[in-house]
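These notes are about the structure you will find just below.
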Amino acid sequence: MDTSEIIKKVRKVEIKTRGLSSNIFAGQYHSAFKGRGMAFSEVREYQFGDDVRDIDWNVTARFHRPYVKVFDEERELTVMLLVDVSGSLDFGTQKQTKREMVTEIAATLAFSAMQNNDKVGVVFFSDRIEKYIPPKKGRKHILYIIREMLDFQPESRRTDITKAVEFLTGVMKRRCTAFLLSDFYVRQDFRHPLTICNRKHDVVAIQVYDQRAKELPDVGLLKVRDAETGHEMIIDSSSKALRRAHHDYWVNRQTQLADTFNRSGVDHVTVATNEDYVKSLLQLFAMR
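Using my numbering, you'd call the opening residue of the sequence shown number -14 and step up by one each time.
Structure, rendered in structure tokens:
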């Protein structure tokens, strides 16, 4: 993709997603992702009913009467976008590929964060950490992130969610809100590292999938290829038993995934590439 084409795409994504974040998500984002930390504000004299644990003993000793520390909720957040860039995200049979939808959702969240004066950073991951963009503020930084999402070429095509969440746990010293964007096309169990990460940070999972992962069309012989391993095979999609097995596999996989998120305490939402992700994000904000 040449530079002028990338700039056009960045601008197109910005116009759409910035408009969404301004008109739809501004209030919902603000209320759903309040600052979780508490910042020291001032000291005042102790009043009946104050928590004795908030007494400032140094000031109390100086003035010979009790004073308490007053805290304000920290409004400013650090938002981290954990973006899956593995091979399976390039798949798409509907309006757009999974990667294109992930890019739009991430951009919408980034602009929502920017309007809230929050810092935004990104981790691109496959089965390794492909790139880390430290959190910063401002439109220029957001446009750089969008450009990277549109044009980034990963070294690996495989996926490892554990690598992503362990990296976040290690690299972010202060609590942040992290959006984990993936199709979660993985076979390994990542519940334990996700639970640990969610204890330190506020992790939210957004799954993007293509309708064909759920329902196989009846179109006869199909050549299918695993985007991550490169393995190819011919299947007969006219077989009812095969289509039923395909659907059952999807249902079982989604049940396991939901169980992983629930037991990790992670809010999650699922959106198909032929669906309106605005509704899914509003649903996600509402559950918080």
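From the three backbone atoms N, C-alpha and C, an ideal C-beta is built for every residue, glycine too.
Backbone CA spacing between residue i and residue j [nearest angstrom]
i	j	result
Q138	S111	11 Å
R229	I114	36 Å
H186	T154	8 Å
T93	K104	14 Å
K158	K(-7)	36 Å
L266	N43	47 Å
I191	H253	6 Å
G72	T2	24 Å
K54	I0	45 Å
F270	R50	45 Å
L206	V68	34 Å
T275	T162	What is shown of the chain runs -14 to 273, which leaves residue 275 out entirely.
D39	V256	45 Å
L201	P178	33 Å
T258	D75	12 Å
A149	P119	14 Å
R142	M99	31 Å
I220	G4	43 Å
A17	K225	44 Å
K264	R47	56 Å
H231	E140	30 Å
R21	I(-9)	The pLDDT assigned to R21 is 49, lower than 50, so where the model puts this residue is not dependable, and the model offers no usable value.
T240	V107	28 Å
C182	S223	44 Å
R273	R160	17 Å
Q268	G34	38 Å
K(-3)	V70	21 Å
R238	N102	38 Å
R184	E260	31 Å
Cβ shell of residue i (< 6 Å), same chain only, five flanking positions each side left out
i	result
S97	S6, F10 and Y14
F175	I146 and T147
V87	L166 and V193
S(-11)	none
L227	none
Q81	T258
F246	A190 and H253
Supposed contact pair residue j and residue i - C-beta distance, whole angstroms, cut 8 Å
i	j	result
L66	F164	5 Å
S274	T180	The requested residue 274 is not part of the displayed model; the chain covers only -14 to 273.
V251	V189	7 Å
Y52	D41	5 Å
K83	D195	6 Å
Y262	E89	7 Å
Same chain only: Cβ atoms within 7 Å of residue i, ignoring 5 sequence neighbours per side
i	result
V(-5)	L128, I131, R132 and L135
A280	The requested residue 280 does not occur in the structure, where the chain is confined to residues -14 to 273.
T45	P51 and Y52
Spatial neighbours of residue i in its chain, beta-carbon cut-off 8 Å, leaving aside the 5 residues before and after
i	result
A243	H253
V171	T144, D145 and I146
Q173	D145, I146 and T147
F152	V108, F110, I114 and Y117
C-beta neighbour in chain C for residue i, strict 8 Å
i	result
G34	As a matter of chain content, chain C is missing from the structure shown, which is built from one protein chain.
* Check whether the segment 122 to 138 touches the segment 26 to 35, taking contact to mean three or more Cβ pairs, one atom from each stretch, closer than 8 Å. => Using a Cβ-Cβ distance cut-off of 8 Å, the segment 122 to 138 and the segment 26 to 35 are not in contact, since fewer than three pairs of beta carbons, one from each stretch, lie closer than that value.
* Asked: Fully enclosed by the segment 191 to 265, which beta strand (DSSP E) runs are 3 residues long or longer?
  -> 206 to 210, 217 to 221 and 252 to 257
* To do: Please specify which runs of the beta strand (DSSP E), each continuous and at least 3 residues long, are wholly inside the segment 67 to 118, giving them in chain order.
  => 104 to 110
* Entirely enclosed alpha helix (DSSP H) segments - the segment 124 to 155, minimum 4 residues -> 124 to 136
* To do: Please go through the segment 32 to 66 and give each complete alpha helix (DSSP H) segment of 4 or more residues, from N-terminal end onward.
  => 42 to 48
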